[in-house]
Every structure is written in C-alpha cells, then in structure tokens.
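Using our numbering, the letters of the sequence shown correspond one by one to residues 22 to 389. Here's the structure, in structure tokens; my notes come after.
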Amino acid sequence: MIKEINVAFKTDRNKPYNIFINDNFSDLKDKIDELFPDTKVKACIITDTNVSKLYLEEVKEVLKDSFIEIHEYVFEAGEESKNLDVVEGAYEGLTLNHFNRKDILIALGGGVVGDLTGFTAATYMRGISFIQIPTTLLSQVDSSIGGKTGVDFKQYKNMVGAFKMPELVYINTSVLNSLPDDQFASGMAEVLKAGLLKDGAFYEWTINNFLEINEKETEAISEMIERAVNIKRIVVEKDPYELGDRALLNLGHTAGHAIEKYMNFKMSHGECVALGTIVAAFISWKREMISMEDFYEIRDMFVPFNLPISLDEIDSDEIVKLTKSDKKAENGLIKFILLKKIGKAVIVKDVTDKEIKEAVDSLVVEWD
Numbered sequence: 022m023i024k025e026i027n028v029a030f031k032t033d034r035n036k037p038y039n040i041f042i043n044d045n046f047s048d049l050k051d052k053i054d055e056l057f058p059d060t061k062v063k064a065c066i067i068t069d070t071n072v073s074k075l076y077l078e079e080v081k082e083v084l085k086d087s088f089i090e091i092h093e094y095v096f097e098a099g100e101e102s103k104n105l106d107v108v109e110g111a112y113e114g115l116t117l118n119h120f121n122r123k124d125i126l127i128a129l130g131g132g133v134v135g136d137l138t139g140f141t142a143a144t145y146m147r148g149i150s151f152i153q154i155p156t157t158l159l160s161q162v163d164s165s166i167g168g169k170t171g172v173d174f175k176q177y178k179n180m181v182g183a184f185k186m187p188e189l190v191y192i193n194t195s196v197l198n199s200l201p202d203d204q205f206a207s208g209m210a211e212v213l214k215a216g217l218l219k220d221g222a223f224y225e226w227t228i229n230n231f232l233e234i235n236e237k238e239t240e241a242i243s244e245m246i247e248r249a250v251n252i253k254r255i256v257v258e259k260d261p262y263e264l265g266d267r268a269l270l271n272l273g274h275t276a277g278h279a280i281e282k283y284m285n286f287k288m289s290h291g292e293c294v295a296l297g298t299i300v301a302a303f304i305s306w307k308r309e310m311i312s313m314e315d316f317y318e319i320r321d322m323f324v325p326f327n328l329p330i331s332l333d334e335i336d337s338d339e340i341v342k343l344t345k346s347d348k349k350a351e352n353g354l355i356k357f358i359l360l361k362k363i364g365k366a367v368i369v370k371d372v373t374d375k376e377i378k379e380a381v382d383s384l385v386v387e388w389d
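Shown next, in the form of structure tokens:
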C-alpha cells in the first residue's frame, strides 16, 4: 500500500510537495500526471551508468504516455562525476533538445544523481521543475528530501549548490533489493543518525529490528523509511534554508566529511558518517552530556548494520585541519552537532581542536 507524506514547503509551482513510498513503480505515472496534466511537455531522465542498466527502460515505459518526448542523460557512476563538467553536459543536451521552463527533469538514482539533477534544475534557464526517484537507501531517507542540491568543486564536497525543492519524491523500496550490501549499509548510517538526533524511540526500534532490516523485509523497510523521512521532514519544514535547527541533520558530518576527504573518498559516505557520529558521541561523553554507557551503545550499534567503528590509522591533526575547511564552518568556528541524549542533538560552536583530536584518535585500534 502506497504511503504519502506531505512536506509543507512550497515548490516553484507554489505548492507543497509529496513524498510517496511504495514497493513498485505502479503509481508513478498517476502521481506525475496529477502534477503535470499537460502531456505536451518533455522530460529528461538523468541517471548514471549503474542505475540506467537496471531501471531506466522500466521508468521510460511507465511514463511513455505522460510526455511528448522522453530524453535521457546518462553519466558515469560515482562521486567523481558530481562536478560542473557533467552538469555542463546536461545543459548541452537540454539546450540541443529545446527544453524550456515548462519541461521536467527526473532524477533516477542515488545521492549523486539527485544532487546533480537538482542543481541542473535550479540553474538551467533560472529554474526548471524536477522530480526525485531515489534508488539508494541513502538518497531515499536523506538526500532526496529537503531541496539541498549541489556538486563538488575540486576536493571540496558540495561546495557549489542551490536550494531547489522537487515537485515530488517517489520512493520505490523494491529497488533496494538490487543495491549492493555496502551501499545499503551506507544508508543505514543516515537512518541511525536520524533517530539519534530527533527520536530515541525510533533509534531503539531500528536496533531491535536489525535482522528484519538487514534481510530487507518489505514491511520493516517501509516503516523504517517512513519514520526516517518524517524526521527529516519535520526539521526541514522548520528551517528549509539551514539558518538554524536544520544544521542538526549534520550530526556526524563535520568529522565525517573530513574523514571522507582524508580517505580520498575511498570509504562510502555512510561509513564516514558513522565514524563522524562516533567522534561526536565521544566528545559528548567527555563533556558529560551523555553517559559512558550511552557512548558505547551508540558506537557498538553501528556494527550490526555492517558499518565501521574504528580505523587502523588516521592523522588526527589532518582531520582537525580538514574540519576547518568544511563549508559548515562559520567565521573560523567549527559547527559541531553533539548529543544531550539519545534522541536529542544540539548545535555547539566551541569544540576545540584538542577535543576533536582526542575523539579521532579514539577511533584508531592498536593491533598487537
């Protein structure tokens, strides 16, 4: 049964948008037709080389009667494609095929596809409507929701971007069956993060249902995604442009992004967020905001979801330096998200280099 979540923040069409959760693509055409009853518009599906092999033809077939033309733009899969050169390729294709502001872009893929398509939509002809069809757990529970789009600039992640709300988000949970295990685990870091920062009961539910979740049982996955999406919806509605509380969603990301850069993006985003969350929890414990027991529970509960809790080695001084180049730093101050308890996060701006260094050093396991 399809689930519907309304996000009370208006899109370019001056309407709130809906997030639909289903276990197939059967309702996708109806939901798009309700939004765009004029079939005289064109659509361009933007996707990557991995997803195109799996779902591009299926989505084109479902939507073949919804548009006068359906074009496609397929780029090489991977974070390294999330750059302005690939966006330029999209601009060229849209221009050559005479796309105008009444036409539609469709992001079919994970976070890289969604972010890049959203940025293209925000900037092509000063704005064109777009739709999110996220195909990874990470994008379903996080990046497809809330309107943050962007691409990487040189070694700086998401440094060039814009806010652009999708007209709708359609989540088909069955696509997770084709998702590699490491990418599913990556998405679980964001799920656990959501519970830690806003809903302790959901965090405990996730831990208690780890077997069903790892087996990708339909009902458990659907409930998990719905609850995680609702947490992000609540935060985004309150602060759509990240002027205040939306920064809470960055739990684990300050140190996580630094670790990601340090590792040359050889670790997944979710793995780095897990390690970054442990860093934040460690600082929270040392500040006596949470108990030692809470810290070890937070750390150890990443393990059942196949996420790392330690590293063989890391240069903590370099991590400190990288946190200061993060786009979330303000006037030289590092904005850290810490935990007052499981289910309640707070924003702090006085975390010292020494605290970060000690927390990062705690990730390193000494082998005999």
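We treat Cβ as the ideally placed atom computed from N, Cα and C, and that holds for glycine. The model shown is predicted, which means the values in this text are computed figures rather than measured ones.
Helix, strand or coil: which one does DSSP assign to Leu158?
The answer is helix: DSSP assigns Leu158 an H, G or I state.
Under the DSSP definition of a beta bridge, which residues are partnered with Glu25?
Phe41
Please classify Asn198: is it buried, with 16 or more other beta-carbons within 10 angstroms of its beta-carbon, or exposed?
exposed
Secondary structure at Asn193, three-state DSSP: helix, strand or coil?
strand
Cβ of His290 within 8 Å of Cβ of Ser160?
no
What's the call for Asp389, buried or exposed, on a 16-neighbour Cβ count within 10 Å?
Reliability fails at Asp389, whose pLDDT of 46 lies under 50, so the model's placement of it is uncertain and no value is given.
Contact belief for Leu137 with Val107 at Cβ below 8 Å, rounded distance in angstroms
6 Å
Output yes or no for whether 8 Å exceeds the beta carbon distance between Thr116 and Val95.
Cβ atoms of Thr116 and Val95: not closer than 8 Å.
Would you identify the three-state DSSP class for Ala355, choosing helix, strand or coil?
Checking the displayed sequence, the identity of residue 355 turns out to be Ile instead of Ala. Reduced to three states, the DSSP call for Ile355 is coil.
Simplified DSSP state of Asn327, which is helix, strand or coil:
coil
Three-state secondary structure (DSSP) of Tyr177:
strand
For Ala380 and Ala301, I'd like the C-alpha separation in whole angstroms.
8 Å
Whole-angstrom distance between Glu238 and Phe357, CA atom to CA atom:
One C-alpha to the other measures close to 35 Å.
So for Phe120, helix, strand or coil by DSSP?
Note: Phe120 maps to coil in three-state DSSP.
Could you check whether Ile228 and Met245 sit closer than 8 Å to each other, using their CB atoms as the reference points?
no
Would Leu384 pass as a contact of Ile335 if the rule is Cβ separation under 8 Å?
yes
For a quick check, are the C-beta atoms of Gly182 and Phe151 less than 8 Å apart?
Not in contact: Gly182 and Phe151 (Cβ atoms no closer than 8 Å).
Name the DSSP beta bridge partners of Gly273, please?
None, per the DSSP bridge assignment.
Do Ile149 and Asp173 count as a contact pair if the criterion is CB distance below 8 Å?
no
If you drop the 5 nearest sequence neighbours on each side, which residues of the same chain put their C-beta closer than 6 Å to that of Gly364?
Here the set comprises Asp220, Gly221.
Extract the residue ranges of the beta strand (DSSP E) inside the region 201 to 247, only unbroken runs of 3 or more that lie entirely within it.
none
Could you give the distance in angstroms between the alpha-carbon of Gln176 and the alpha-carbon of Lys342?
Between Gln176 and Lys342, the alpha-carbon positions lie close to 14 Å from each other.
Alpha carbon to alpha carbon, how far is Lys185 from Tyr38? Give it in angstroms, no decimals.
Between the alpha carbons of Tyr38 and Lys185 lies a distance of about 12 Å.
Have a look at the DSSP bridge pairing and note the partners of Val397.
The question about residue 397 has no answer, for the chain in this structure spans 22 to 389.
Boundaries of the beta strand (DSSP E) in which Glu90 is found, first to last residue:
90 to 96
Using the beta-carbon count (16 or more within 10 Å), is Gly171 buried or exposed?
buried
On the DSSP letters alone, give me the boundaries of the alpha helix (DSSP H) that Thr60 sits inside.
Note, Thr60: premise wrong, no alpha helix (DSSP H); not H, not E.
By Cβ distance below 6 Å, which residues in the same chain neighbour Asp48 in space, the five residues on each side in sequence not counted?
Ile23
Alpha-carbon to alpha-carbon, Gln153 and Asn193
Cα to Cα, Asn193 sits roughly 11 Å from Gln153.
Three-state class that DSSP yields for Ile166 in the structure shown:
coil
Give me the Cα-Cα distance between Val369 and Gly168, rounded to the nearest whole angstrom.
Looking at the two C-alpha atoms, the distance is approximately 24 Å.
Look at the Cβ atom of Val62, then the Cβ atom of Phe88, and state whether they are nearer than 8 Å.
yes
Buried or exposed: where does Tyr262 fall if 16 or more other Cβ atoms within 10 Å of its Cβ makes it buried?
exposed
Between which two residues does the alpha helix (DSSP H) containing Ala366 stretch?
Unbroken run through Ala366 is the beta strand (DSSP E), 365 to 369; no alpha helix (DSSP H).
On the DSSP bridge list, what partners appear for Thr68?
Val95
Less than 6 Å between C-beta atoms, sequence neighbours within five positions excluded: which residues of the same chain meet that for Phe231?
Pro325
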